[in-house]
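Residue numbers (my numbering), protein chains in the order written: chain B, 12 to 103; chain F, -5 to 429.
Okay, here's the thing in structure tokens:
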């Protein structure tokens, strides 16, 4: 009974079509997550520095870094000398 | 997909699970009357639960809201439907209302979910979090926020890839993708409308450049200041910089005939002053300027609160903003008329907060048969007798709680809910209704 219940997603697949937008969104997130994790793997970086390294816009970089911070993958690592930008590093 | 319609009977139905609706449901329930509280969102608490602190006491908003939510959740006379939509409300005869309600599928068995968030951890999909105004992501399997009530997960089926990770991770096997929307026909003797208000959309004033990432609404700033905030600190959405020159633009969408709202929203001055004080704490080196037409500090302790903000160093400028433009660094140039001197001035800020006004919710009018739900000239609910019985609507047996009838602050919304529930109880007792 329990095994059957744990596969209700398969039943839903029969009637619910996952949109291409959702599939593309998942791919994009995984790619960006990997890039961010690699970028701050060895050094602490600010949002503009990560954005430059990833050739991504700063608002988009902030969105993904803050999402990873929320999910416990990234953590804050102090602020720069001008008290303007926070550094971010991987949570280990 | 819907399941067959089920019929339910209650003494009262409260539409809207914000602070006013919750207060009204508790009051009616305390009088041994059976109440159904219907909320369209995944959680009770409305806008209040999203606030950082409240004015003028600077008490924690969540700390005031959550005990009330806890009280209503375990009240023996109150049944709660969250994530449920009222389709229509029809008065059948003098004695009762028929209310059609759809309880949307969460794809989670509410009674079994422990709120452990393991489904959230397992979910691979990230989409903008609507409770954080899109400033950060959330999973497709998610709990709205830590203090959500009920603290139950939900699957955003439109964003779900049906990978099954959440279902495999759930220790209580409560994820159920076979769930369907459930339709109910509720029969009740009275209805309390506590549908709240809507916030003004600043895109309606293009000259304020709301499309700029560093121009945000006051509700977004509430989230930035709240303990359950989207970022690690108060930083700019454009680049993560800690701002040091912040501006508030009061009366955005209020007292403005050009956008069709001549009314003062009553709360914007004080919530802006509150946020300015909180910012002085969060960003001690920052300059905070409030551009205003008039400061309306009319309530108990409000004038003292305003003076306190001035004493803390908040800069108040009597000026009307003409235009906001963004420069290459993402900073904002505010062009304004200094009302005291009559001169045009330009000032640079690195974050601008638009203090958006409160507008009437469009929902109530759509729920009743055409013409029954009357509105006032500002589109809020028509009050039959503003001075003697402000809770009475245009429909006998339907009562008004909170900002359904006009903008008001939290204490007034709770008072209004008290009055509405008292009127509903009196109506029930006087009529001695029999279903």
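Note that the Cβ used here is the ideal one computed from N, Cα and C, for glycine as well.
Item	Value
Positions along the stretch 200 to 230 of chain F whose CB lies within less than 9 angstroms of some CB in chain B	207, 224, 225, 226, 227, 229 and 230
Residue 48 of chain B burial status per 10 Å Cβ neighbour count (16 or more: buried)	exposed
Candidates F:164, F:398 and F:186, of which the one nearest residue 114 of chain F by Cα	F:164
Inter-residue CB distance, residue 447 of chain F and residue 321 of chain F (contact presumed, cutoff 8 angstroms)	Past the boundaries of the shown model lies residue 447 of chain F; chain F is included only from -5 to 429, so the question cannot be answered.
Three-state secondary structure (DSSP) of residue 11 of chain F	coil
Candidates B:95, B:69, B:101 and B:94, of which the one nearest residue 80 of chain B by Cα	B:101
Buried or exposed by the 16-neighbour rule on C-beta atoms within 10 Å, applied to residue 3 of chain F	exposed
Boundaries (first-last residue) of the beta strand (DSSP E) holding residue 292 of chain F	First-last for residue 292 of chain F: undefined, no H or E at that position.
Simplified DSSP state of residue 145 of chain F, which is helix, strand or coil	coil
N-terminal and C-terminal residue of the alpha helix (DSSP H) that residue 59 of chain B is part of	58 to 65
Rounded distance between the beta-carbons of residue 26 of chain F and residue 71 of chain F, thought under 8 angstroms	7 angstroms
Endpoints, the alpha helix (DSSP H) within which residue 33 of chain B is located	31 to 50
Residue 352 of chain F beta carbon less than 8 angstroms from that of residue 191 of chain F	yes
Contact list for residue 22 of chain B against chain F, beta-carbon separation under 9 angstroms	171 and 172
Residue 434 of chain F burial status per 10 Å Cβ neighbour count (16 or more: buried)	Residue coverage of chain F in this structure runs from -5 to 429, which leaves residue 434 of chain F outside it and unanswerable.
Cβ-based contacts, 8 angstroms cut-off: residues of the stretch 45 to 58 of chain B near chain F	57 and 58
Assigned exposure category for residue 371 of chain F - 16 Cβ within 10 Å defines buried	exposed
Contact list for residue 18 of chain B against chain F, beta-carbon separation under 8 angstroms	158 and 161
Neighbour list for residue 66 of chain B in chain F, Cβ cutoff strictly below 8 angstroms	Under the 8 angstroms cutoff, chain F gives no residues; its nearest Cβ is about 15 angstroms from residue 66 of chain B.
Beta-carbon proximity list for residue 76 of chain B, same chain, < 7 angstroms, skipping 5 on both sides	47, 58, 61, 85 and 99
Rounded C-alpha distance that separates residue 225 of chain F from residue 415 of chain F	39 angstroms
Expected contact under 8 angstroms - CB spacing of residue 313 of chain F and residue 289 of chain F to nearest Å	At roughly 12 angstroms, the Cβ-Cβ gap does not stay under 8 angstroms, so residue 313 of chain F and residue 289 of chain F are not in contact.
The stretch 141 to 156 of chain F: positions lying closer than 9 angstroms to chain B by Cβ	151, 152, 153, 154, 155 and 156
Contact between the stretch 8 to 20 of chain F and the stretch 186 to 203 of chain F (3+ Cβ pairs under 8 angstroms)	yes
Inter-residue spacing [alpha-carbon to alpha-carbon] between residue 342 of chain F and residue 369 of chain F	42 angstroms
Exposure of residue 160 of chain F, with buried meaning 16 or more beta-carbon neighbours within 10 Å	buried
Closer than 7 angstroms at the beta carbon, the chain B residues around residue 118 of chain F	37
Buried or exposed by the 16-neighbour rule on C-beta atoms within 10 Å, applied to residue 93 of chain B	exposed
Local Cβ density within 10 Å of residue 380 of chain F, reported as buried at 16 or more and exposed below that	exposed
Those residues which DSSP pairs with residue 82 of chain F across a bridge	F:94
Contact with chain B by residue 97 of chain F, beta-carbon distance below 8 angstroms	no
Supposed contact pair residue 93 of chain F and residue 362 of chain F - C-beta distance, whole angstroms, cut 8 angstroms	11 angstroms between Cβ atoms; not a contact.
Three-state secondary structure (DSSP) of residue 346 of chain F	strand
DSSP beta-bridge partners of residue 66 of chain F	Bridge partners of residue 66 of chain F: none, in fact.
Identified DSSP bridge partners for residue 386 of chain F	F:393
Under 8 angstroms between C-beta atoms of residue 274 of chain F and residue 307 of chain F	yes
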